[in-house]
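Student: Mind looking over this structure? Questions follow.
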Amino acid sequence: MKSALEGVRVLDFTQMMLGPWGTQFLGDMGADIIKIERPGVGEWERTLPAMGELLGGVSPYFLAMNRNKRSVTVNLKDPRGKEIIYALVKDADVVTENYRPGVMDKLGLGYEDLKRVNPSIVYVAGSGYGPTGPYVTRPGQDLLIQSMSGLAAQNGRANEPPTPTATSFVDATTALMLAFSTVTALFHRARTGEGQRVDVSLFNTAIALQCQELASFMNTPARWERSASGIGSPWLAAPFGIYATSDGYIAISMNSLSVLGELLDLPELADYDNPRAAYDQRDTIKPLIETRVCTESSEHWLALFATRDLWCAKVQDFEDLMHDPQVAHNDLIQTVEHPELGPIKVIGMPVRFSETPGTIRLSPPLVGEHTDEVLRAAGYAPEQIETFHAEGVI
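The opening position of the sequence shown corresponds to residue 32 in this note's numbering, with each subsequent residue numbered one higher.
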């Protein structure tokens with residue numbers, strides 16, 4: 032079965048999550064991703080510990096988002112290394128990078144440089160704040176961006192510090208933006224023959240993610256405050272939040288307080304069943320619900336709430352998730368054979384295509400695993416490649 036992006040070649044200079052997760056999506060859909068890495072050590076995230084540990088010397092984070100890629104090592108500071116990149120760019124469709132703005136230009140590998148080699152190249156750059164502006168030299172990292180963009184300020188109780196999300200939420204979303212933007216630029220090129228530069232940034236994505244809340248903030252006089260009782264969003268009314276049961280936790284979303292009161296035997300909740308009261312009295316309502324919900328198990332409440340189609344769910348940890356029947360049905364857990372680690376589990380393609388499904392064809396590569404293979408295909412003679420190895424060019 033033909034892959035949707037078969038025949039598309041991407042030179043991938045990215046590291047951390049912003050780029051690699053985005054290019055992994057392109058690889059899953061059939062693109063040939065050539066990952067350009069530093070000789071010997073590879074990209075930075077290969078050695079980023081998870082909870083202080085590596086998996087056989089490799090970061091689980093790296094393994095999570097670098098399948099379906101071929102690794103080529105090139106010393107970008109060596110003039111011969113730059114010539115290797117030029118040779119690869121001639122046959123490439125896309126270049127992706129997320130160095131700090133200006134780094135690729137200093138190396139002679141920026142958009143204007145590569146466009147002279149391949150006028151139709153699609154050049155997709157990721158950064159913390161954008162390619163120019165007052166923050167251009169600042170480090171762009173997920174926690175910093177969550178903090179600066181207002182995301183962290185919305186989470187947590189009123190008497191607690193702002194709370195960021197545990198996962199790299201902005202990195203991940205910007206990676207998706209990178210993949211989407213790449214395909215959009217390729218679609219434009221297919222119609223016009225014209226390449227272009229595309230810029231995505233963590234800061235812009237983080238602000239765009241808050242379009243609902245910012246639209247309210249910019250167009251209404253109301254100013255939000257986090258609730259003292261732990262309502263799940265400063266913008267929403269009770270009962271929205273997490274509640275302890277006798278054996279765990281459940282989430283109760285936006286629901287009728289009258290119906291909830293009937294099921295919980297709390298008729299007084301009906302007194303707050305209008306939008307204004309449910310918001311203004313949220314810190315009165317949530318403790319009322321908490322005192323009742325904690326008396327029974329999660330399954331008890333989920334079964335009872337289902338009788339009236341209330342929006343609710345069990346709060347699952349990763350152990351629960353691994354045994355979740357919908358996870359199994361959606362085939363989200365995949366096993367990949369790594370050349371050194373053996374079988375490893377990864378998250379599969381989350382999107383389903385009826386005619387061109389994503390596939391896992393290559394495990395996360397070893398550093399430089401495919402250097403010789405790619406350079407031979409680009410026309411380099413075996414003796415040239417041997418010299419490059421000996422002299423630290425690749």
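Virtual Cβ for every residue (Gly too), placed ideally from N, Cα, C.
1) Taking the CB atoms as reference points, tell me whether Y201 and D173 lie closer together than 8 Å.
2) When you compare each of H331, E330, P270 to A301 by their alpha carbons, which one comes out closest?
3) In the DSSP assignment, the alpha helix (DSSP H) including L233 goes from what residue to what residue?
4) Give the straight-line distance between the Cα atoms of L267 and A309, rounded to the nearest whole angstrom.
5) Is the CB-CB distance between L42 and V120 below 8 Å?
6) DSSP on V89, reduced to helix/strand/coil?
7) Please classify W342: is it buried, with 16 or more other beta-carbons within 10 angstroms of its beta-carbon, or exposed?
8) Among A282, G279, R339, S284, which has the Cα closest to the Cα of L294?
9) Counting only the same chain and skipping the five closest in sequence on each side, list residues whose C-beta sits under 6 Å from that of G141.
10) Between the stretch 103-119 and the stretch 397-406, are three or more C-beta pairs nearer than 8 Å?
11) By DSSP's criteria, T104 is part of a beta bridge. Which residues make up the other side?
12) Starting from D144, trace the alpha helix (DSSP H) both ways and give me its first and last residue.
13) As an exercise, report each continuous beta strand (DSSP E) stretch of at least 3 residues that is fully enclosed by the stretch 262-323, in chain order.
14) Take V39 and list the residues in its own chain whose beta-carbon comes closer than 6 Å to its own, dropping the five residues that flank it on each side.
15) Which residues does DSSP list as the beta-bridge partners of T54?
16) Short check: CB of L209 to CB of G164, under 8 Å?
17) Could you have a look at K137 and say whether DSSP puts it in helix, strand or coil?
18) Tell me the DSSP secondary structure of S199 in three-state form.
19) Taking 7 Å as the cut-off, does the CB of V231 come closer than this to any heavy atom belonging to the ligand NAD?
20) Count the other CB atoms within 10 Å of the CB of P170; is the residue buried (16 or more) or exposed (fewer)?
21) For D124, report the span of its beta strand (DSSP E) as first-last.
22) Report the residue from L79, L94, P80 whose alpha carbon sits nearest the alpha carbon of Q365.
23) What does the Cβ neighbour count give for K317, buried or exposed, with the cut at 16 atoms within 10 Å?
24) What are the partner residues of L42, as DSSP defines its beta bridges?
25) Does T251 pass the burial test, meaning 16 or more other C-beta atoms within 10 Å, or should it be called exposed?
26) Just to confirm the assignment, what range does the alpha helix (DSSP H) spanning A421 have?
27) Tell me whether H360 sits in a helix, a strand or coil according to DSSP, three-state version.
28) Let me check one thing: in DSSP terms, what residues is K345 bridge-paired to?
29) What's the C-alpha gap between R383 and A334?
30) Would you decide whether G226 is buried or exposed? Buried here means 16 or more other CB atoms lie within 10 Å of its CB.
31) For R254 and L245, I'd like the C-alpha separation in whole angstroms.
32) Taking Cβ positions, are P193 and A184 nearer each other than 8 Å?
33) To the nearest angstrom, report how far apart R323 and L352 are at their CA atoms.
34) Assign I426 to one of three DSSP states: helix, strand, or coil.
35) Under 7 Å Cβ to Cβ from E256, same chain only, skipping five residues before and after it: list those, please.
Tutor: Working from what's here:
1) Along the sequence shown, one-based indexing puts residue 201 at 170. Along the sequence shown, one-based indexing puts residue 173 at 142. In the sequence as presented, Tyr is not what sits at residue 201; that position holds Val. Yes.
2) Start at 1 with the first residue of the sequence shown, and residue 301 comes out as number 270. Nearest of H331, E330, P270 to A301, Cα basis: P270.
3) Reading the sequence shown from its first residue, position 202 is the one you call residue 233. Where L233 is concerned, the enclosing alpha helix (DSSP H) stretches over 233-240.
4) As a first step, residue 267 must be located in the sequence shown, where it is residue number 236. As a first step, residue 309 must be located in the sequence shown, where it is residue number 278. Each residue's alpha carbon lies about 9 Å from the other.
5) Translated into the one-based positions of the sequence shown, residue 42 becomes position 11. Translated into the one-based positions of the sequence shown, residue 120 becomes position 89. Result yes, Cβ atoms of L42 and V120 sit closer than 8 Å.
6) Numbered from 1 along the sequence shown, position 58 holds the residue referred to as residue 89. Three-state result, V89: strand.
7) Reading the sequence shown from its first residue, position 311 is the one you call residue 342. So W342 ends up on the exposed side.
8) Start at 1 with the first residue of the sequence shown, and residue 294 comes out as number 263. If we check each option's Cα against that of L294, R339 comes out closest.
9) Numbered from 1 along the sequence shown, position 110 holds the residue referred to as residue 141. So the qualifying residues of the chain are M135.
10) yes
11) Stepping through the sequence shown from its first residue, residue 104 is reached at position 73. T104 is bridged to E68.
12) Along the sequence shown, one-based indexing puts residue 144 at 113. 142-148 is the extent of the alpha helix (DSSP H) around D144.
13) Correct list: 272-275, 280-283.
14) Here residue 39 corresponds to residue number 8 of the sequence shown, with the count starting at 1. So the qualifying residues of the chain are A62, D124.
15) Taking the first residue of the sequence shown as position 1, residue 54 is located at position 23. Paired residue(s): none; T54 is not in a bridge.
16) Indexing the sequence shown from 1 puts residue 209 at position 178. Indexing the sequence shown from 1 puts residue 164 at position 133. The answer is no: Cβ separation not under 8 Å.
17) To locate residue 137, count along the sequence shown from 1; it is residue 106. Here K137 sits in helix by DSSP.
18) Mapped onto the sequence shown, residue 199 falls at position 168. S199 falls in the coil class under three-state DSSP.
19) No copy of the ligand NAD appears in this structure; indeed no ligand is present at all.
20) Position 139 of the sequence shown, counted from the start, is the residue given in the question as residue 170. Around the beta carbon of P170, fewer than 16 other beta carbons lie within 10 angstroms, which makes this residue exposed.
21) For the purposes of this step, residue 124 is taken as residue 93 along the sequence shown, with counting starting at 1. Where D124 is concerned, there is no enclosing beta strand (DSSP E), given that its DSSP letter is neither H nor E.
22) By 1-based counting over the sequence shown, the position of residue 365 is 334. For the residues L79, L94, P80, the minimum Cα distance to Q365 belongs to L94.
23) By one-based count along the sequence shown, residue 317 stands at place 286. Buried, by the Cβ-count rule.
24) Within the sequence shown, numbered from 1, the residue matching residue 42 stands at position 11. The partner list for L42 (beta bridge, DSSP) reads I65, V126.
25) For the purposes of this step, residue 251 is taken as the residue at position 220 of the sequence shown. Classification of T251: exposed, given that the 10 Å Cβ count is below 16.
26) As a first step, residue 421 is located in the sequence shown; it is residue number 390 there, counting from the start. Segment 413-421, the alpha helix (DSSP H) holding A421.
27) Here the question's residue 360 lines up with position 329 in the sequence shown. H360 falls in the helix class under three-state DSSP.
28) Stepping through the sequence shown from its first residue, residue 345 is reached at position 314. DSSP lists I281 as the bridge partner or partners of K345.
29) Along the sequence shown, one-based indexing puts residue 383 at 352. Along the sequence shown, one-based indexing puts residue 334 at 303. Taking the straight line from one Cα to the other gives about 30 Å.
30) By one-based count along the sequence shown, residue 226 stands at place 195. Answer is buried; the Cβ neighbour count reaches 16.
31) Reading the sequence shown from its first residue, position 223 is the one you call residue 254. Reading the sequence shown from its first residue, position 214 is the one you call residue 245. Using only the alpha carbons, I get a separation of about 11 Å.
32) For this step, residue 193 is matched to residue 162 along the sequence shown. For this step, residue 184 is matched to residue 153 along the sequence shown. For P193 and A184, yes; Cβs fall inside 8 Å.
33) The sequence position of residue 323 within the sequence shown is 292, counting from 1. The sequence position of residue 352 within the sequence shown is 321, counting from 1. Their Cα atoms are separated by approximately 27 Å.
34) Shown here, the chain extends from 32 to 425; a query on residue 426 therefore has no answer.
35) Within the sequence shown, numbered from 1, the residue matching residue 256 stands at position 225. Around E256: A189, P265.
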